[in-house]
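Residue numbers (full-length UniProt numbering): 1 to 204. Below: the structure, in structure tokens.
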């Protein structure tokens with residue numbers, strides 16, 4: 001929460017500096033929700049995906065303010081929360097291949113989930129995302145993590161509900177080995193992989 005508050009204050013300062021002022025600094029309408037309430041609003045939306053009208057009613061604000069609050073905090077969360085391991089090296093093709101190579105030597109936890117969504121108006125789109133298993137229109141997400149959930153390796157979101165879990169997983173991982181660990185430049189990635197290798201050695 002401290003990191004979120006600090007980042008929120010920094011973003012507000014940037015907006016203040018770029019404003020063409022009409023009122024004196026500190027004037028204007030005050031925020032209705034406290035920072036913890038704004039964080040809860042964003043997390044609630046990400047978990048339940050309600051309409052912004054329902055979101056606003058739930059927190060005692062207008063749907064416009066609910067929309068603005070969510071999109072503001074979504075950017076802050078993106079900045080302060082660590083990305084998945086693969087996302088951190090996603091724009092460095094060499095590092096990405098090395099990480100994939102290393103990870104295939106270890107046991108990973110893979111879990112998929114489906115979330116119901118409103119039925120699309122387009123018939124063809126309805127067919128693409130209708131899950132026979134759930135008897136609903138759904139989107140599927142998949143999380144790959146280290147043993148005991150110590151770090152997130154990869155997250156995939158928003159795939160059509162009928163997509164097979166194994167097909168989501170196969171798109172990312174290939175048969176490789178761990179000999180290139182010292183070639184990775186990202187120190188956080190290296191530390192995570194070293195921890196994984198060390199734990200595997202202890203079990204053996």
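Every residue gets a Cβ at the ideal spot worked out from N, C-alpha and C, and that includes glycine.
Counting along the chain, no alpha helix (DSSP H) covers residue 62, and no H or E run does either.
Secondary structure at residue 139: strand, using DSSP grouped into helix, strand and coil. Three or more pairs of CB atoms, one per stretch, sit closer than 8 Å, so the region 65–84 contacts the region 41–49. In the three-state reduction of the DSSP assignment, residue 133 falls in the coil class.
C-alpha of residue 132 to C-alpha of residue 162: approximately 7 Å in a straight line.
Taking one beta carbon from each stretch, the region 107–120 and the region 132–149 have 3 or more pairs nearer than 8 Å; the two touch.
Straight-line measurement puts the Cα of residue 147 at about 28 Å from the Cα of residue 74. Within the same chain, and ignoring the five residues on either side of residue 66 in sequence, the residues whose Cβ sits closer than 6 Å to its Cβ are 52, 55, 56. Sixteen is the threshold: when 16 or more other Cβ atoms of the shown chains lie within 10 Å of the Cβ of residue 140, as they do, the residue is buried.
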